[in-house]
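Going down the list, the sequences are from chains R and S. According to our numbering, the first sequence is numbered sequentially starting from 1. According to our numbering, the second sequence is numbered sequentially starting from 1. Take a look at the structure below.
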Amino acid sequence: MKIKMDFVSSAMLDKKPKKKRINFILNKVKDGSILVVDGVMTAEEEMELIRETMRRVDDGFPGIEVCSLKKQVRGFQSFLERLSDQRTRIQKVLIGRIPETSLKTGITLVGPARYIKKIKKNPNSFSVLAEA
Amino acid sequence: MGMNFRGFFDWFFGLFGYRKNIRLGIYGATNVGKTTLANRISLDWTGEEIGKVSEIPHETRTVQKKEKVEIKLNRRKILINLLDMPGLATKVDYREFLKYGLSKKAAKQRAREATDGVIEAIKWLSNVDTVLAVMDATQDPLTQVNITLLGNLEARKIPVIVVANKIDLKRAKPNEIKEAFPQYPVVPVSALKGRNMDELYEAIAKYARRAK
Ligand SMILES: Nc1nc2c(ncn2[C@@H]2O[C@H](COP(=O)(O)OP(=O)(O)OP(=O)(O)O)[C@@H](O)[C@H]2O)c(=O)[nH]1
Ligand SMILES: [Mg+2]
């Protein structure tokens, strides 16, 4: 009947390389925790998370539920984000690889599919129904 | 007369056998009607079906292909390779299949193949030119699978047509899909009944592009 929730700062996850970040998330979720992070992944990273989840599915772990809210950034902040995307591209040309990206502003919830019964997403909010 | 620049281009390169088929990937969550749609498109233009349809989720577990499907509209011809993908999912629970009367052993086997299918579909994202993102219009469109799929295609600059399927059902709300994804062309269809397919072919003719 108990469900554990872990709130993790994106600053902590940002320090990890992409692969380790996904492993960290999936290890927590496979242990039964619902994880909440103050950031959102890129679409590519989300797809990577789905792929990695599929590799780990077994009889006791059917997979995950994910939901995220992106903060709509405008004005100066969006300028900064675009600048950072630009920097990423330049770095890619200079060093021949894409540097580890950092999580963007927003919120993400990842939890075990066996506990999360339903997620209702709206443009600016979402609600989660969980049951152990 | 009547041949636009692109038509001329296709004709010109077609003469030399340079014309490559457009790889049209059919993506979406499981059970939304991807294979029904692929069969409909294939039947309409080649007279043959391409895959098996089922009410049990994860029926398609390996990519189903139909090559050289020629779609003719007005004076334009486009050649596509249809690629019906396994349904995307963030979870695969073998217990789900038991409800449809599968044995435990068969259900577990199906689940294993389903997870491989999702991985294969994701891998194919780097091998498609244009995507039909199929959604079930009787369901909430704002799911993580749909959002992640569209986000990925956008990052890869792959043209997308959103297909709002199952409009023959009374509870279908294709407008909810239009509202959820206003930045995409959305075509409501019934793949099962073959409803509004002409509009979909027009959209394919308009948006389908080979990857650069
Ligand atoms: N009413 C209605 N049912 C449909 C339509 N298209 C598909 N279906 C039904 O939806 C179910 C799933 O169809 P499929 O074509 O197998 O779906 P899919 O997306 O290929 O599913 P997976 O391969 O399992 O991912 C079947 O029972 C179909 O008959 C439609 O336009 N209208
Ligand atoms: Mg299918």
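Just so you know, even glycine gets a beta-carbon here, dropped at the ideal spot from N, CA and C.
Taking Cβ positions, are residue i and residue j nearer each other than 8 Å?
| i | j | result |
| --- | --- | --- |
| Gly51(S) | Thr35(S) | yes |
| Asp84(S) | Ala38(S) | yes |
| Ala133(S) | Val163(S) | yes |
| Ile119(R) | Glu65(R) | yes |
| Ile177(S) | Met135(S) | yes |
| Ala191(S) | Arg76(S) | no |
| Ile111(R) | Val29(R) | Per the sequence presented here, residue 111(R) reads as Gly, with Ile not at that position. Going by C-beta atoms, Gly111(R) is nearer than 8 Å to Val29(R). |
| Val63(S) | Glu154(S) | no |
| Thr60(S) | Val145(S) | no |
| Ile80(S) | Ile158(S) | no |
| Ala203(S) | Leu73(S) | no |
| Gly39(R) | Thr108(R) | yes |
Could you tell me the boundaries of the beta strand (DSSP E) in which residue i lies?
| i | result |
| --- | --- |
| Glu70(S) | Gln64 to Leu73 |
| Asn127(S) | Note, Asn127(S): premise wrong, no beta strand (DSSP E); not H, not E. |
| Ile109(R) | The residue asked about is misnamed: residue 109(R) is Leu in this sequence, not Ile. First-last of the beta strand (DSSP E) with Leu109(R): Gly106 to Pro112. |
| Met5(R) | Lys4 to Val8 |
| Gly28(S) | Ile22 to Gly28 |
| Leu82(S) | Arg76 to Asp84 |
Name the one or two DSSP bridge partners that residue i has.
| i | result |
| --- | --- |
| Lys61(R) | One detail in the question is off: residue 61(R) reads as Phe in this sequence, not Lys. Its beta-bridge partners are Asp58(R). |
| Val186(S) | Val162(S) |
| Val121(R) | The question names Val, but residue 121(R) in the sequence shown is Lys. Looking at the DSSP assignment, Lys121(R) forms a beta bridge with Phe126(R). |
| Ile34(R) | Met5(R) |
| Ser54(S) | Answer by DSSP bridge pairing: none, since Ser54(S) is not bridged. |
| Leu134(R) | Outside the shown range of chain R, which is 1 to 132, sits residue 134(R), and nothing can be said about it. |
| Lys91(S) | Gly63(R) |
Could you spell out the range, first to last residue, of the alpha helix (DSSP H) harbouring residue i?
| i | result |
| --- | --- |
| Ile177(S) | Pro174 to Ala180 |
| Val32(S) | Counting along the chain, Val32(S) falls outside any alpha helix (DSSP H), and DSSP gives it neither H nor E. |
| Gln213(S) | In the structure as shown, chain S begins at 1 and stops at 212. Residue 213(S) is therefore absent and cannot be evaluated. |
| Thr115(S) | Lys104 to Lys123 |
| Leu98(S) | Tyr94 to Leu98 |
| Lys216(S) | Outside the displayed span of chain S (1 to 212) sits residue 216(S), for which this structure offers no information. |
> Given a limit of 7 Å on CB to CB distance, which residues of the segment 107-125 of chain R reach chain S?
Replying inline: Cβ contacts with chain S: Ala113 and Lys121.
> Mind listing which residues of the segment 76-102 of chain S have their C-beta closer than 9 Å to chain R's C-betas, in chain order?
Replying inline: Taking 9 Å as the Cβ-Cβ cut-off against chain R, the residues of the segment 76-102 of chain S that qualify are Leu88, Ala89, Thr90, Lys91, Val92, Asp93, Tyr94, Arg95 and Glu96.
>> Can you pull out the residues from the segment 35-66 of chain R whose beta carbon lies closer than 8 Å to at least one beta carbon of chain S?
In response: Going along the segment 35-66 of chain R in chain order, one finds Thr42, Ala43, Glu44, Glu46, Met47, Ile50, Arg51, Thr53, Met54, Arg55, Val57, Asp59, Pro62, Gly63, Ile64, Glu65 and Val66 with a Cβ nearer than 8 Å to chain S.
> What residues in the segment 114-144 of chain S bring their beta carbon closer than 8 Å to a beta carbon of chain R?
Replying inline: Contacts with chain R (Cβ-Cβ distance below 8 Å) from the segment 114-144 of chain S involve Thr115, Asp116, Val118, Ile119, Ile122, Leu125, Asp140, Leu142, Thr143 and Gln144, listed in chain order.
> Looking at chain R, which residues of the segment 151-164 of chain S have a Cβ within less than 9 Å of any of its Cβ atoms?
Replying inline: Of all residues in the segment 151-164 of chain S, those with a C-beta nearer than 9 Å to a C-beta of chain R are Gly151, Asn152, Leu153, Glu154, Ala155 and Arg156, reading in chain order.
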